[in-house]
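Peer 1:
Chains as they are written, first to last, in the working numbering: chain V, 161 to 322; chain L, 39 to 600.
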């Protein structure tokens, strides 16, 4: 279970949400669905996700707001925008806000799988790199002989994953 | 097939319509120009014509009167001379009453030396018996004149002379006489001379000023005294009795079908009036101006103006039609432009169902893919097929609505409720856009709002333009309030109130100008409001704007219920 890619899909189009979730689950992803921005932010606070797939135009909280909040609250999460309101401007804006990718609807499923894979790899790499630097720090602290310092650093490392 | 026919018929119909419209335009413009340019000219010409007629008539009258007065003065002078001739005889110190026969003869010779109009001369005693006579009618001697009116009148009159009307008297030949009385040595005596009217007439005719008038002399009763040969006989009835209250004047008399206009002048010496008439009575007064030239000139100017007006009318109509065509083209272009904006907005509406379809198709493929380990029954697939079907129809609805808007349809005037029209835009057409925009729409509809006769598409275009602007002005979250109402003066108003950024005074000045836009490049054409404005104006309504910067704006469309 731990190896599964944890994905949060947010879209107000329920039919679309159901069918894409099913397709991705068939490919071994751990998919969680949310039909609006507020729910999505709440769910992300409860569970950990590697990636999120976001629609932009939604009733209530807008996709770009959700993007901002998720990026702020979760260090390693990568976010891909999947929207029918595709435009150059919104793509640039979302990229600035830290979105990993931007896919206009209707999309090609393979392209989606590719971008999910790339984003996941990036997320894992960053996590790995971050862990490495931390580990190095721990090693340094350990060499200094501070057992308490090591314990504190390990706790920080664990917190980072959120 | 039936549809094909219907499609073709409006073409022929519209050319007939265009022709009659063209004719109507020509007629209207021609009348307008003619009224503007010709009417004042014609009024001026008619005014001058009447002024001229009056002036002309006045000068004719003055002319006639002058002749009459001159002739009267001349006659008075002549008659006074004759009276003086007689006075000279009677006042001669050597005059003896009664005069002897040779003395009478001598007197006659003296008179005739003064004027050859004298025919004879007689002497009367107080009893009215002619005691002395010289002339060619000797039998008149010793005749009793005491009962003759002239003798009685002379006796009663204050003045010392009398001039009789022309009469036949004892001699049965037209003549008139001048009598003079005196009292010499207690004796009342009268000296009387007869004058020949024919000679008298010659005297007048020699003074006749022009050949265009005829001159006659009538007495108080209107009987001819002196008359030209071709006009009645002396002592004949002239039917002209000039008024006695004025010495000189102009009068009219109707003889049969002829209205005769004449000038008269009363003599001072005798109860005679000089009558002057035009030789050709009833010459019609000129219609326009005196001469043919003036009439022709006026006519030529009117013709010239008419030609100019016709040319101008054609030009104006061509210009109007061109302008209307351009306007129609502009409106259509603007409509297409706003459709362009609209379709950009609607594109994502289609993208969403397309995404659903492609995902559903992918899912069905996955289900049938053995590699993905699916062992699905056909029944499991059916809901996804139904879903695809639904999404296809969702797309079709969107395109259909879009097409109904884009189509260059003839304007169809039908009664519509604005409430329904707005609902069609907000609920059917724009529902998704509104749902995801975080902008609330509040509707304050008047329930029984009167229907207006209008074209639904044009109305929707106006409302859509205003709503689009309202949405663009709002940074979500916000609210658009649509209020419909009607007043007692036959107007309905639709107010769109937004909580947007408002309009600056500078923007307000240009808000209805074509191509004015505050939106980003590529987002707005600047045609929406200008087109809405022109449509509303063409429907006899108006659009008003109120705005508070930073608080929002209210656009109110007021339309007449017709």
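We put the CB at the ideal spot given by N, CA and C, even for glycine.
Taking 7 Å as the cut-off, does the CB of residue 290 of chain L come closer than this to any heavy atom belonging to the ligand FAD?
Peer 2: You won't find the ligand FAD in this model; it holds no ligand whatsoever.
Peer 1: So residue 598 of chain L is in the beta strand (DSSP E); what residue range does that whole segment cover?
Peer 2: On the second chain, position 560 is the one that residue 598 of chain L refers to. Run containing residue 598 of chain L: 590-598, per the beta strand (DSSP E) assignment.
Peer 1: Given a cut-off of 8 Å, decide if residue 351 of chain L and residue 73 of chain L are closer than it, judged by their beta-carbon atoms.
Peer 2: For the purposes of this step, residue 73 of chain L is identified with residue 35 of the second chain, where counting begins at 1. For the purposes of this step, residue 351 of chain L is identified with residue 313 of the second chain, where counting begins at 1. Their beta carbons are not under 8 Å apart, which means residue 73 of chain L does not touch residue 351 of chain L by this criterion.
Peer 1: Go ahead and pull the three-state DSSP assignment for residue 337 of chain L.
Peer 2: Position 299 of the second chain, counting from 1, holds the residue named residue 337 of chain L. Looking at residue 337 of chain L - three-state DSSP - the assignment turns out to be helix.
Peer 1: Which of the three DSSP states is assigned to residue 221 of chain V in this structure?
Peer 2: On the first chain, position 61 is the one that residue 221 of chain V refers to. Correct three-state label for residue 221 of chain V: coil.
Peer 1: Using the three-state DSSP reduction, which class does residue 119 of chain L fall into: helix, strand or coil?
Peer 2: Taking the first residue of the second chain as position 1, residue 119 of chain L is located at position 81. The answer is helix: DSSP assigns residue 119 of chain L an H, G or I state.
Peer 1: CB-CB under 6 Å to residue 236 of chain L, same chain, minus the five flanking residues each way: which ones, in chain order?
Peer 2: As a first step, residue 236 of chain L is located in the second chain; it is residue number 198 there, counting from the start. Nothing meets the Cβ criterion.
Peer 1: Just curious, the beta strand (DSSP E) that residue 606 of chain L is in, first and last residue?
Peer 2: The structure shown has nothing for residue 606 of chain L, since chain L only spans 39 to 600.
Peer 1: Less than 8 Å separating the beta-carbons of residue 395 of chain L and residue 429 of chain L?
Peer 2: For the purposes of this step, residue 395 of chain L is taken as the residue at position 357 of the second chain. For the purposes of this step, residue 429 of chain L is taken as the residue at position 391 of the second chain. Contact flag set, yes.
Peer 1: Using alpha carbons as the reference points, say which of L:402, L:554, L:160 lies closest to residue 147 of chain L.
Peer 2: Against the second chain, residue 147 of chain L aligns to sequence position 109. When only C-alpha atoms are compared, the closest one is L:160.
Peer 1: If we call anything under 8 Å between Cβ atoms a contact, is residue 605 of chain L one with residue 128 of chain L?
Peer 2: This structure leaves residue 605 of chain L out entirely; chain L is present only between 39 and 600.
Peer 1: Using only CA atoms, which one of L:420, L:397, L:199, L:103 lies nearest to residue 301 of chain L?
Peer 2: Position 263 of the second chain, counted from the first residue, corresponds to residue 301 of chain L. Minimum Cα distance to residue 301 of chain L is reached at L:103.
Peer 1: Give me the Cα-Cα distance between residue 79 of chain L and residue 485 of chain L, rounded to the nearest whole angstrom.
Peer 2: What you label residue 79 of chain L is simply residue 41 of the second chain in a count that begins at 1. What you label residue 485 of chain L is simply residue 447 of the second chain in a count that begins at 1. About 58 Å.
Peer 1: List, in order along the chain, the chain L residues whose C-beta lies closer than 9 Å to that of residue 253 of chain V?
Peer 2: Along the first chain, one-based indexing puts residue 253 of chain V at 93. When 9 Å is used as the limit between beta carbons, residue 253 of chain V is near no residue of chain L, the shortest such separation being about 13 Å.
Peer 1: Beta-carbon separation of residue 516 of chain L and residue 538 of chain L under 8 Å?
Peer 2: In the second chain, the residue the question calls residue 516 of chain L occupies position 478. In the second chain, the residue the question calls residue 538 of chain L occupies position 500. The answer is yes: Cβ separation under 8 Å.
Peer 1: For residue 258 of chain L, which residues of its own chain have a beta-carbon under 6 Å away from its beta-carbon, when the five flanking residues on both sides are left out?
Peer 2: Within the second chain, numbered from 1, the residue matching residue 258 of chain L stands at position 220. Once the five neighbours on either side are set aside, the close Cβ partners of residue 258 of chain L are 309.
Peer 1: Which residues in the same chain as residue 397 of chain L place their Cβ atom closer than 8 Å to its Cβ, once the five residues preceding and following it in sequence are excluded?
Peer 2: In the second chain, counting from the first residue as 1, residue 397 of chain L sits at position 359. So no residue of the chain qualifies.
Peer 1: Looking at residue 204 of chain L and residue 188 of chain L, is the spacing between their C-beta atoms short of 8 Å?
Peer 2: The sequence position of residue 188 of chain L within the second chain is 150, counting from 1. The sequence position of residue 204 of chain L within the second chain is 166, counting from 1. Contact: no.
Peer 1: Helix or strand or just coil, what does DSSP make of residue 277 of chain L?
Peer 2: As a position in the second chain, residue 277 of chain L is number 239, starting the count at 1. Look at residue 277 of chain L here: in three-state DSSP terms it is coil, with no helix or strand label.
Peer 1: Whose C-alpha, out of V:202, V:167, V:207, V:177, is nearest the C-alpha of residue 188 of chain V?
Peer 2: Taking the first chain and counting its residues from 1, the one referred to as residue 188 of chain V is at position 28. Comparing Cα positions, the closest option is V:167.
Peer 1: Just checking: is the beta-carbon of residue 397 of chain L within a distance shorter than 8 Å of some beta-carbon in chain V?
Peer 2: Walking along the second chain from the start, residue 397 of chain L turns up at place 359. Yes, contact with chain V.
Peer 1: Should residue 425 of chain L be flagged as near chain V, meaning a C-beta pair shorter than 8 Å?
Peer 2: As a working mapping, residue 425 of chain L is identified with position 387 in the second chain. Flagged as an interface residue toward chain V: residue 425 of chain L, by a C-beta distance shorter than 8 Å.
Peer 1: Classify residue 267 of chain V as helix, strand or coil using the three-state DSSP reduction.
Peer 2: On the first chain, residue 267 of chain V is found 107 positions in, with the first residue counted as 1. Three-state result, residue 267 of chain V: coil.
Peer 1: Would you list the one or two residues that DSSP bridges to residue 304 of chain L?
Peer 2: For this step, residue 304 of chain L is matched to residue 266 along the second chain. L:311, per the DSSP bridge assignment.
Peer 1: Quick check: what's the CA-CA separation for residue 577 of chain L versus residue 63 of chain L?
Peer 2: Counting from 1 along the second chain, the entry for residue 577 of chain L is found at position 539. Counting from 1 along the second chain, the entry for residue 63 of chain L is found at position 25. Approximately 20 Å between the Cα atoms of the pair.
Peer 1: What are the start and end residues of each continuous alpha helix (DSSP H) run of 4 or more residues lying completely inside the stretch 177-250 of chain L, in chain order?
Peer 2: 187-194, 235-245
Peer 1: Step through the CB atoms of chain L and report whether any lies within less than 8 Å of the CB of residue 250 of chain V.
Peer 2: Translated into the one-based positions of the first chain, residue 250 of chain V becomes position 90. Output row for residue 250 of chain V: interface = no.
Peer 1: How big is the Cα-Cα spacing for residue 234 of chain L and residue 292 of chain L?
Peer 2: By 1-based counting over the second chain, the position of residue 234 of chain L is 196. By 1-based counting over the second chain, the position of residue 292 of chain L is 254. Near 32 Å, if we compare the C-alpha coordinates of residue 292 of chain L and residue 234 of chain L.
Peer 1: Which value, in whole angstroms, describes the spacing of the CA atoms of residue 579 of chain L and residue 547 of chain L?
Peer 2: Sequence index remark: in the second chain, residue 579 of chain L carries index 541 (1-based). Sequence index remark: in the second chain, residue 547 of chain L carries index 509 (1-based). For residue 579 of chain L and residue 547 of chain L, the distance between alpha carbons rounds to 20 Å.
Peer 1: Can you check whether the C-beta of residue 179 of chain V is within less than 8 Å of a C-beta belonging to chain L?
Peer 2: Residue numbering aside, residue 179 of chain V sits at position 19 when the first chain is read from its first letter. By this cut-off, residue 179 of chain V is an interface position.
Peer 1: In the stretch 259-270 of chain V, which residues sit with their C-beta less than 9 Å from some C-beta in chain L, listed in chain order?
Peer 2: 264, 265, 266, 267, 268, 269
Peer 1: Can you tell me whether residue 180 of chain V is buried or exposed, with buried defined as 16 or more other CB within 10 angstroms of its CB?
Peer 2: Reading the first chain from its first residue, position 20 is the one you call residue 180 of chain V. Under this definition residue 180 of chain V is a buried residue.
Peer 1: Return the chain-ordered list of same chain residues with a C-beta closer than 7 Å to the C-beta of residue 354 of chain L, the five sequence neighbours on each side being excluded.
Peer 2: Working through the second chain from its first residue, we reach residue 354 of chain L at position 316. So the qualifying residues of the chain are 67.
Peer 1: Between the alpha carbons of residue 502 of chain L and residue 569 of chain L, how many angstroms are there, rounded?
Peer 2: Here residue 502 of chain L refers to the residue found at position 464 of the second chain. Here residue 569 of chain L refers to the residue found at position 531 of the second chain. Approximately 12 Å between the Cα atoms of the pair.
Peer 1: Terminal residues of the continuous beta strand (DSSP E) containing residue 167 of chain L?
Peer 2: On the second chain, residue 167 of chain L is found 129 positions in, with the first residue counted as 1. Neither: residue 167 of chain L is in no beta strand (DSSP E) and is coded neither H nor E.
Peer 1: Could you give the distance in angstroms between the alpha-carbon of residue 293 of chain V and the alpha-carbon of residue 566 of chain L?
Peer 2: Looking up residue 293 of chain V in the first chain gives position 133. Looking up residue 566 of chain L in the second chain gives position 528. Rounded to the nearest angstrom, the two C-alpha atoms are 59 Å apart.
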